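S.K.: Here numbering that gives the first Met the number 0 is used: the first residue of the sequence shown is 0, the next is one more, and so on.
Ideal Cβ placement from N, Cα and C applies to all residues, glycine included.
Just so we're clear, the structure is a prediction, and the values are computed from it rather than from any experiment.
Structure incoming, see below.
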Amino acid sequence: MKISLNWLSDYIEVKDFYKKPEELGRILTRAGLELEGIVNQSEQFKNIVVGKIEKLEKHSNADKLTVCQVDVGADELHQIVCGAKNHKAGDWVVAALPGAVLPGDFAIKKSKIRGEVSLGMLCSQKELGLSDESQGIMILESKGLKPGKPIAKLFKLNDVIFEISVTPNRADCLSHIGLARELSCLLDRKLTLAKPKLTFGKDKVKDTVKVSLKRPKECPRYAGRLIRGVKVAESPAWLKSRIESMDMNSINNIVDATNYVMMEWGQPIHAFDLKELQGGEIRIDLSNKKEKFTTLDGTELTLTGEELMIRDGDRPVALAGIVGGLNSGVSDSTTDVFIETAYFTQKIVRQSSRRFGIETDSCYRFSRGTDPENVPTAMDRVCELIQMVAGGECSKDHWDAYPSPVKHKPIKIKLDFVESKLGYKVKSAEFSRWMKRLGCKVDKKEDTFKVMPPAWRWDLIQDVDLVEEYGRLHGYENIDEILPPLIERPTEHDDQYLKERQLEKILLAEGLMQSMNYHFINGNEQLEVLGNSSVYEAFQLSVTDQPVAVKNPLNEDVNCMRTSLIPGLVRNLTQNYRHGNEWGRLFEIGSVFNPKGSAKVKSDRVNSSGAAELFHLAFCFWGQPVDYWSQGEKVPVVYQLRQSVTNMLEALKINQWSWLELKSDEVPKYLHPSQSIALQVEGKTIGVFGSLHPELVSKNKIRTSVAMGEFNFEKLMARQPRYRKFKSLSRLQRVDRDLAFVIPETVSSQQVEKVIRKHAGPLLSNIIITDVYQGDKLEKGHRSVAYRMTFKPSEKTLEENELQALQDKIITGAKSDLGIQIRH
0 MKISLNWLSD
10 YIEVKDFYKK
20 PEELGRILTR
30 AGLELEGIVN
40 QSEQFKNIVV
50 GKIEKLEKHS
60 NADKLTVCQV
70 DVGADELHQI
80 VCGAKNHKAG
90 DWVVAALPGA
100 VLPGDFAIKK
110 SKIRGEVSLG
120 MLCSQKELGL
130 SDESQGIMIL
140 ESKGLKPGKP
150 IAKLFKLNDV
160 IFEISVTPNR
170 ADCLSHIGLA
180 RELSCLLDRK
190 LTLAKPKLTF
200 GKDKVKDTVK
210 VSLKRPKECP
220 RYAGRLIRGV
230 KVAESPAWLK
240 SRIESMDMNS
250 INNIVDATNY
260 VMMEWGQPIH
270 AFDLKELQGG
280 EIRIDLSNKK
290 EKFTTLDGTE
300 LTLTGEELMI
310 RDGDRPVALA
320 GIVGGLNSGV
330 SDSTTDVFIE
340 TAYFTQKIVR
350 QSSRRFGIET
360 DSCYRFSRGT
370 DPENVPTAMD
380 RVCELIQMVA
390 GGECSKDHWD
400 AYPSPVKHKP
410 IKIKLDFVES
420 KLGYKVKSAE
430 FSRWMKRLGC
440 KVDKKEDTFK
450 VMPPAWRWDL
460 IQDVDLVEEY
470 GRLHGYENID
480 EILPPLIERP
490 TEHDDQYLKE
500 RQLEKILLAE
510 GLMQSMNYHF
520 INGNEQLEVL
530 GNSSVYEAFQ
540 LSVTDQPVAV
550 KNPLNEDVNC
560 MRTSLIPGLV
570 RNLTQNYRHG
580 NEWGRLFEIG
590 SVFNPKGSAK
600 VKSDRVNSSG
610 AAELFHLAFC
620 FWGQPVDYWS
630 QGEKVPVVYQ
640 LRQSVTNMLE
650 ALKINQWSWL
660 ELKSDEVPKY
670 LHPSQSIALQ
680 VEGKTIGVFG
690 SLHPELVSKN
700 KIRTSVAMGE
710 FNFEKLMARQ
720 PRYRKFKSLS
730 RLQRVDRDLA
740 FVIPETVSSQ
750 QVEKVIRKHA
760 GPLLSNIIIT
770 DVYQGDKLEK
780 GHRSVAYRMT
790 FKPSEKTLEE
800 NELQALQDKI
810 ITGAKSDLGI
820 QIRH
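Right, dumping it as structure tokens:
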């Protein structure tokens with residue numbers, strides 16, 4: 000947030016900080032308001048001064064240029080070449096001298112222009128950044144001018160702008176008066192707040208507009224006043240300057256006045272054009288489902304029935320606390336305005352803002368919390384300001400609907416509690432003094448303080464809040480640095496953590512990259528990817544159609560907790576592929592969540608809301624790495640994933656596992672119905688993987704093969720042997736043999752693998768798929784699958800005739816059992 004030192008000086012004495020703004024920045028930072036930057040306007044106008052043209056001559060080598068002798072307060076006149084036409088001898092001008100830097104990083108230096116030396120530049124308003132357009136250089140009125148006077152002082156451009164970071168709990172500092180209050184407390188200086196002065200007419204707002212507060216829970220206070228006879232025009236320079244110093248655009252005098260008061264008091268205000276309001280009524284109520292509303296910037300919103308709206312009869316005219324409607328905004332033809340000042344609750348404003356992705360200065364303040372007691376003061380102030388800049392007369396009366404006043408509860412606290420939290424002695428008088436400087440009412444009985452926080456400090460709710468405030472104000476630097484005694488032994492890592500790290504090391508060594516996605520996801524997107532949740536029960540995966548909903552989501556893309564890792568990996572796949580990563584090998588180990596009572600897989604981890612937390616392992620493989628030196632056939636991605644899972648199981652020393660073929664109706668929606676397989680460990684199915692479904696591949700515009708899968712992490716890791724048995728390495732040489740079979744589409748590679756293991760006997764230690772081919776050289780409906788078999792003898796080296804006998808036995812067995820032959 001930006002804060003103007005000139006603006007602050009209207010309420011508190013801060014003259015001493017113009018020459019040392021960094022000191023004020025340090026004070027604010029120590030108090031918890033972090034300084035992010037300082038812009039000293041006077042530095043921006045350094046070496047730009049008032050000058051008087053003493054003599055003017057035509058340039059000898061250029062008809063459109065003049066050579067001016069200018070008095071800039073130095074010992075000698077400065078010669079400056081100028082191309083403007085609106086100046087003459089005796090004029091007072093603005094001269095930028097060498098060393099000055101004009102907007103756009105235009106540095107002024109001594110130069111020669113057509114042979115004549117020029118020691119600066121005579122400036123226009125546009126060149127100084129004071130106006131968007133200008134005709135010729137600035138000609139100043141001579142009264143009170145002195146050559147060499149800095150224009151920063153002349154035009155009061157000596158402001159210092161502070162950029163500070165305000166934490167979410169300190170919404171009271173989102174205004175100049177709020178920060179002035181804070182400085183008054185920190186520096187023990189007087190805070191001066193003038194009472195607004197209004198001119199009243201004969202009209203009564205209650206005779207013209209009826210206010211009906213239908214939702215006091217979401218809008219505890221709503222006030223309004225009528226101003227007739229205003230003249231909409233451009234804001235005066237002082238108002239425009241202050242608005243623009245806050246990085247806000249000047250619109251017109253009415254809108255600028257409302258924005259001014261928002262930056263002054265922290266109270267957002269909205270002005271309605273009275274003639275555009277229909278029905279003579281302002282009603283604060285919820286929207287209608289599927290109702291249309293067009294904002295001031297022309298954006299059309301479709302409402303859900305959950306937004307708080309300002310309505311004039313049947314029409315919505317503003318999205319409460321966020322943005323006004325196009326149908327009731329102030330325009331050049333506006334003559335009468337209805338001023339709205341209200342207190343909307345944080346929750347209702349934040350929810351609507353996130354639902355539509357609209358962020359405004361008004362929304363920012365309401366969603367962090369405003370002061371309900373400030374509503375009538377801010378309304379009077381904006382009416383006073385509008386009368387100053389646009390004229391008009393205020394209605395005699397005003398609306399102030401406040402059926403259930405918001406009140407703070409007193410906080411009871413004892414000094415020994417404060418001391419126990421801060422770790423040092425606290426004096427009773429010192430504690431009381433700081434609380435009063437905060438604006439609290441303090442009453443002490445015996446050893447207990449009863450503290451009533453001010454209305455603008457809604458964040459002070461319990462005793463620890465007061466401890467924090469005292470520590471902050473008294474100074475954290477006053478807390479002694481004492482190391483606490485070490486009374487506990489270091490604890491071991493959580494077993495879950497150790498298992499995650501173990502599996503991460505295995506998979507990273509396999510050449511995979513780890514993905515880490517948010518636990519939040521869009522519910523509709525998740526459902527679209529995963530489909531019917533009932534099929535996942537067979538794989539002991541905790542997928543549900545009713546995920547844990549997030550009560551207050553940041554936006555609709557993260558409105559629920561994930562029940563599977565797959566949708567997140569699909570996002571990773573799509574984003575990577577669109578950014579040119581045509582192949583990748585990802586895995587993720589992470590939490591998934593089920594709502595209370597719907598968890599299909601039991602978990603010991605249940606949070607306070609009853610949601611069960613479980614852990615899954617998921618993979619996403621796509622594309623093939625480009626090997627320019629290798630032109631051979633590549634192993635399909637789905638088989639590469641299968642091999643990686645196999646290697647993982649071997650590294651975990653899990654022995655009793657197998658692949659389980661699936662029927663098409665048993666396959667999850669995101670997988671190909673005929674290219675998927677399940678993993679069984681010790682007879683229990685704990686996961687599934689396969690090729691990504693063609694519809695999902697096409698929808699995400701992926702033009703390469705993709706394989707994905709998900710496993711129950713906890714069930715998988717629990718199948719590791721508790722004690723690992725020692726097994727001596729064989730001293731005998733292992734032997735590899737490759738066989739390629741021509742297999743019809745009706746026979747799966749898993750069936751072939753089982754037959755090979757059956758006929759190869761105990762000497763076969765491993766089998767992997769090295770190649771898959773389909774093409775014109777094969778009969779239609781057939782494919783060639785190459786297997787590499789590894790034989791490990793235990794007693795003696797295998798002879799060639801023994802290996803040939805084993806190979807012949809496998810070929811004969813495959814033909815007799817499955818009717819398949821080797822590819823020649």
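Tell me whether the beta-carbon of Glu53 lies closer than 9 Å to the beta-carbon of Ala83.
M.R.: Taking the sequence shown and counting its residues from 1, one reaches residue 53 at position 54. Taking the sequence shown and counting its residues from 1, one reaches residue 83 at position 84. Not a contact, by the Cβ cut-off of 9 Å.
S.K.: With a threshold of 16 other CB atoms inside 10 Å of the CB of Val254, please say whether the residue is buried or exposed.
M.R.: In the sequence shown, the residue the question calls residue 254 occupies position 255. By the 10 Å Cβ count, Val254 comes out buried.
S.K.: Given that a residue counts as buried once 16 or more other Cβ atoms are within 10 Å of its Cβ, and exposed if not, what is Ala341?
M.R.: Residue mapping note: residue 341 aligns to position 342 of the sequence shown, counting from 1. That one is buried.
S.K.: Below 8 Å, can you find three or more Cβ-Cβ pairs linking the region 421-433 to the region 256-269?
M.R.: No: the two stretches stay apart, fewer than three of their Cβ pairs being nearer than 8 Å.
S.K.: What does a CB cutoff of less than 7 Å around Leu27 pick up in its chain, not counting 5 residues either side in sequence?
M.R.: Mapped onto the sequence shown, residue 27 falls at position 28. For Leu27, where only same-chain residues beyond five positions count, the Cβ hits under 7 Å are Leu34 and Ile163.
S.K.: For Phe199 and Ser394, what's the separation of their Cα atoms in angstroms?
M.R.: Position 200 of the sequence shown holds residue 199. Position 395 of the sequence shown holds residue 394. So the alpha carbons of these two residues sit roughly 6 Å apart.
S.K.: Hey, quick one: how far does the alpha helix (DSSP H) through Val680 stretch, first residue to last?
M.R.: For the purposes of this step, residue 680 is taken as the residue at position 681 of the sequence shown. Careful: Val680 lies outside any alpha helix (DSSP H), inside the beta strand (DSSP E) at Leu670 to Val680.
S.K.: Considering only residues of the same chain and omitting the five flanking positions on each side of Arg756, which have a CB-CB separation below 8 Å?
M.R.: Here residue 756 is taken as the residue at index 757 of the sequence shown, counted from 1. So the qualifying residues of the chain are Leu763 and Ile766.
S.K.: Identify the residues that DSSP records as bridge partners of Ser815: which are they?
M.R.: Locating residue 815 in the sequence shown gives position 816, counting from the first residue. Answer is none; Ser815 lacks a bridge partner.
S.K.: Reducing DSSP to helix, strand and coil, say where Thr376 ends up.
M.R.: Position 377 of the sequence shown, counted from the start, is the residue given in the question as residue 376. Reduced to three states, the DSSP call for Thr376 is helix.
S.K.: Which of helix, strand or coil does DSSP assign to Gly304?
M.R.: On the sequence shown, position 305 is the one that residue 304 refers to. In the structure shown, Gly304 sits in coil (DSSP, three-state: anything other than H, G, I, E or B).
S.K.: Given this structure, state the Cα-to-Cα distance separating Pro720 from Ile653, to the nearest angstrom.
M.R.: Reading the sequence shown from its first residue, position 721 is the one you call residue 720. Reading the sequence shown from its first residue, position 654 is the one you call residue 653. In a straight line, the C-alpha of Pro720 is about 7 Å away from that of Ile653.
S.K.: Could you tell me the boundaries of the alpha helix (DSSP H) in which Trp264 lies?
M.R.: Here residue 264 refers to the residue found at position 265 of the sequence shown. Here the alpha helix (DSSP H) through Trp264 covers Asn252 to Trp264.
S.K.: Among the residues of its own chain, which have a CB less than 6 Å from the CB of Asn516, if the five just before and after it don't count?
M.R.: Along the sequence shown, read from residue 1 onward, the residue named residue 516 stands at position 517. If we look at Asn516 and ignore the five residues flanking it on each side, its Cβ neighbours are Gly567.
S.K.: Given this structure, state the Cα-to-Cα distance separating Lys288 from Asn521, to the nearest angstrom.
M.R.: The residue given as residue 288 occupies position 289 in the sequence shown. The residue given as residue 521 occupies position 522 in the sequence shown. The alpha-carbon atoms of Lys288 and Asn521 are separated by roughly 21 Å.
S.K.: Between which two residues does the beta strand (DSSP E) carrying Leu553 extend?
M.R.: Sequence index remark: in the sequence shown, residue 553 carries index 554 (1-based). No beta strand (DSSP E) holds Leu553; DSSP gives it neither H nor E.
S.K.: Would you call the region 117-129 in contact with the region 12-27, where contact means no fewer than 3 C-beta pairs closer than 8 Å?
M.R.: As far as the Cβ criterion goes, the region 117-129 does not touch the region 12-27, which means the pair count is below three.
S.K.: Do Leu325 and Leu300 have their CB atoms nearer than 9 Å?
M.R.: Locating residue 325 in the sequence shown gives position 326, counting from the first residue. Locating residue 300 in the sequence shown gives position 301, counting from the first residue. No, these two residues do not count as a Cβ contact at 9 Å.
S.K.: How many angstroms separate the CA atom of Tyr10 from the CA atom of Tyr475?
M.R.: Residue numbering aside, residue 10 sits at position 11 when the sequence shown is read from its first letter. Residue numbering aside, residue 475 sits at position 476 when the sequence shown is read from its first letter. Going from the Cα of Tyr10 to the Cα of Tyr475 covers about 28 Å.
S.K.: Closer than 8 Å by C-beta to Val466: which residues in its own chain qualify, once you throw out the five before and the five after it? Chain order, please.
M.R.: By one-based count along the sequence shown, residue 466 stands at place 467. Contacts found: Ile412, Phe416, Val417, Lys420 and Leu421.
S.K.: If you draw a straight line from the alpha carbon of His58 to that of Thr65, how long is it in whole angstroms?
M.R.: Walking along the sequence shown from the start, residue 58 turns up at place 59. Walking along the sequence shown from the start, residue 65 turns up at place 66. Their backbone Cα atoms lie some 5 Å apart in a straight line.
S.K.: Can you check DSSP and say which residues form a bridge with Pro315?
M.R.: Within the sequence shown, numbered from 1, the residue matching residue 315 stands at position 316. Paired residues: Arg310.
S.K.: Per DSSP, Gly50 is paired with what?
M.R.: Taking the sequence shown and counting its residues from 1, one reaches residue 50 at position 51. For Gly50, which the question treats as bridged, DSSP gives the partners Val92.
S.K.: Taking only three categories from DSSP, how would you classify Val441?
M.R.: Here residue 441 is taken as the residue at index 442 of the sequence shown, counted from 1. If DSSP states are grouped into helix, strand and coil, Val441 belongs with the strands.
S.K.: Enumerate in chain order the residues of its own chain whose CB-to-CB distance from Ile810 is below 6 Å, with the five nearest sequence positions on each side excluded.
M.R.: Locating residue 810 in the sequence shown gives position 811, where the first residue counts as 1. Hits under 6 Å: Ile821.
S.K.: I want to know whether the region 498-515 touches the region 576-589 - three or more CB-CB distances under 8 Å.
M.R.: With a cut-off of 8 Å, the region 576-589 and the region 498-515 count as touching, because enough Cβ pairs lie within range.
S.K.: Could you give the DSSP three-state label for Gln539: helix, strand or coil?
M.R.: Numbered from 1 along the sequence shown, position 540 holds the residue referred to as residue 539. Gln539 falls in the coil class under three-state DSSP.
S.K.: With distances taken Cα to Cα, identify the nearest neighbour of Val839 among Leu414, Lys504 and Glu499.
M.R.: There is simply no residue 839 to check, as the chain begins at 0 and stops at 823 in what is shown.
S.K.: Quick one: which unbroken alpha helix (DSSP H) runs of 4-plus residues sit fully inside the region 119-163? Chain order, please.
M.R.: You should have 124-127 and 150-153.
S.K.: Touching or not, the region 785-794 and the region 660-670, by the rule of three or more beta carbon pairs under 8 Å?
M.R.: Taking 8 Å as the limit for Cβ pairs, the verdict is that the region 660-670 does not touch the region 785-794.
S.K.: How many Å lie between Arg188 and His473 at the Cα?
M.R.: Counting from one through the sequence shown, the residue named residue 188 turns up at place 189. Counting from one through the sequence shown, the residue named residue 473 turns up at place 474. Taking the straight line joining both Cα atoms gives about 16 Å.
S.K.: Tell me the DSSP bridge mates of Leu616?
M.R.: Reading the sequence shown from its first residue, position 617 is the one you call residue 616. Answer by DSSP bridge pairing, in chain order: Ile588 and Phe710.
S.K.: Determine which residues share a DSSP beta bridge with Ile742 and list them.
M.R.: Counting from one through the sequence shown, the residue named residue 742 turns up at place 743. DSSP lists Arg782 as partners of Ile742.
S.K.: What residue from Leu482, Leu506 and Glu665 has the CA that sits closest to Ser533's CA?
M.R.: Here residue 533 is taken as the residue at index 534 of the sequence shown, counted from 1. Comparing Cα positions, the closest option is Glu665.
S.K.: Give the DSSP-derived three-state secondary structure of Ile810 in the structure shown.
M.R.: Residue numbering aside, residue 810 sits at position 811 when the sequence shown is read from its first letter. Ile810 falls in the helix class under three-state DSSP.
S.K.: With distances taken Cα to Cα, identify the nearest neighbour of Trp457 among Arg169, Asp770 and Gln803.
M.R.: Here residue 457 refers to the residue found at position 458 of the sequence shown. When each option's Cα is compared against that of Trp457, the closest is Arg169.
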